[in-house]
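Novice: For the sequence shown, this note's numbering gives the first residue as 132, with consecutive numbering after it.
Glycine is no exception: its CB is placed at the ideal position from the N, C-alpha and C atoms.
Just so you know, these numbers come straight off a predicted model, no measurement behind them.
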Amino acid sequence: MTIELDQNELWLLSFYRTSEIGGALFFGRLARTLQPGANQRDMSRHFADEAQHAWLWTSCIERLGAHPLSLTDAYQDQYVAAAGLPVNLMEVLALTQVFEGRVINQYARHQRAPGLHPFVGETLERIVDDERWHLEWVRRALREMEPAYGKERIDETVRRFREADEAVYRQTVHEHEQRIAHLTDVLARTRGEEPGHGR
Ligand SMILES: [Fe+2]
Ligand SMILES: [Fe+2]
Numbered sequence: 132m133t134i135e136l137d138q139n140e141l142w143l144l145s146f147y148r149t150s151e152i153g154g155a156l157f158f159g160r161l162a163r164t165l166q167p168g169a170n171q172r173d174m175s176r177h178f179a180d181e182a183q184h185a186w187l188w189t190s191c192i193e194r195l196g197a198h199p200l201s202l203t204d205a206y207q208d209q210y211v212a213a214a215g216l217p218v219n220l221m222e223v224l225a226l227t228q229v230f231e232g233r234v235i236n237q238y239a240r241h242q243r244a245p246g247l248h249p250f251v252g253e254t255l256e257r258i259v260d261d262e263r264w265h266l267e268w269v270r271r272a273l274r275e276m277e278p279a280y281g282k283e284r285i286d287e288t289v290r291r292f293r294e295a296d297e298a299v300y301r302q303t304v305h306e307h308e309q310r311i312a313h314l315t316d317v318l319a320r321t322r323g324e325e326p327g328h329g330r
């Protein structure tokens with residue numbers, strides 16, 4: 132089989148796969164601890180989606196004639212370092228809302244990249260649909276927590292994680308500039324876009 136990916140594309144798709152695995156493990160652990168109810172149900176589906184996404188990237192890379200690179204540090208690991216560990220479910224969901232917004236924006240940018248391989252395009256399309264639902268249920272869950280925590284405190288928490296996200300993202304783009312060069316004109320055009328804005 133011929134390899135249809137260059138090293139930078141292979142790195143980026145492998146990075147997505149690692150990040151989806153990180154999400155699946157994180158939400159899976161959390162789903163196990165939740166009490167019966169809507170959040171338990173949605174968190175379980177969320178966990179299953181992220182696991183499926185990890186497989187979709189694995190399979191996509193394989194169809195392109197390669198094997199995923201084994202990358203150790205997932206993007207979300209750096210969040211905790213930047214913003215501190217979430218201390219309750221509200222904070223976990225606030226962080227998740229910010230992170231899911233980032234994921235959707237990144238995937239949407241990739242969808243607009245020039246010369247997108249059809250296998251990558253198909254995979255992105257399938258995943259982005261699920262990611263939109265992730266953002267929806269988390270927003271719903273946070274709204275329902277307003278009587279318990281107060282809207283202001285929730286908004287403030289989202290803001291804190293958004294600031295951490297922006298710092299981590301800038302650092303990631305800076306560190307991997309060469310590897311994502313094929314996306315940089317897309318990045319330049321969409322710079323300043325709010326994570327998850329309008330979705
Ligand atoms: Fe995902
Ligand atoms: Fe997601």
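Grouping DSSP H, G and I as helix and E and B as strand, with all else coil, what is Val218?
Specialist: Coil.
Novice: Could you spell out the range, first to last residue, of the alpha helix (DSSP H) harbouring Gly154?
Specialist: Looking at the DSSP string, the run of the alpha helix (DSSP H) that includes Gly154 is Gln138 to Thr164.
Novice: What is the DSSP secondary structure of Gln228, counted as helix, strand or coil?
Specialist: DSSP places Gln228 in helix when its eight states are reduced to three.
Novice: Could you compute how far the alpha carbon of Leu200 sits from the alpha carbon of Phe157?
Specialist: The alpha-carbon atoms of Leu200 and Phe157 are separated by roughly 21 Å.
Novice: Quick one: what's got a C-beta closer than 7 Å to Ile258's C-beta in the same chain, skipping five residues either side?
Specialist: Contacts found: His184, Leu187 and Tyr238.
Novice: Could you tell me the distance, in whole angstroms, from the CA atom of Ala225 to the CA atom of Thr254?
Specialist: The alpha-carbon atoms of Ala225 and Thr254 are separated by roughly 27 Å.
Novice: So is the beta-carbon of His265 under 7 Å away from any non-hydrogen atom of ligand 2?
Specialist: Under cutoff, so the answer is yes.
Novice: Cβ of Val234 versus every heavy atom of ligand 1: is any distance shorter than 7 Å?
Specialist: Answer for Val234: yes, Cβ within range of ligand 1.
Novice: Pick helix, strand or coil for Ile258, following the three-state DSSP scheme.
Specialist: Three-state DSSP puts Ile258 in a helix.
Novice: Give me every residue whose Cβ sits closer than 5 Å to any heavy atom of ligand 3, in chain order.
Specialist: In the structure shown, ligand 3 is absent; the only ligands present are ligand 1 and ligand 2.
Novice: Does ligand 2 have even one heavy atom less than 7 Å from the beta-carbon of Gly159?
Specialist: Not so, every heavy atom of ligand 2 lies at least 7 Å from the Cβ.
Novice: Can you find the residues in the same chain that come closer than 8 Å, C-beta to C-beta, to Arg231, ignoring five residues on each side of it along the sequence?
Specialist: Here residue 231 turns out to be Glu, not Arg, going by the sequence shown. These residues qualify, in order along the chain: Glu262, His265, Leu266, Val269 and Gly327.
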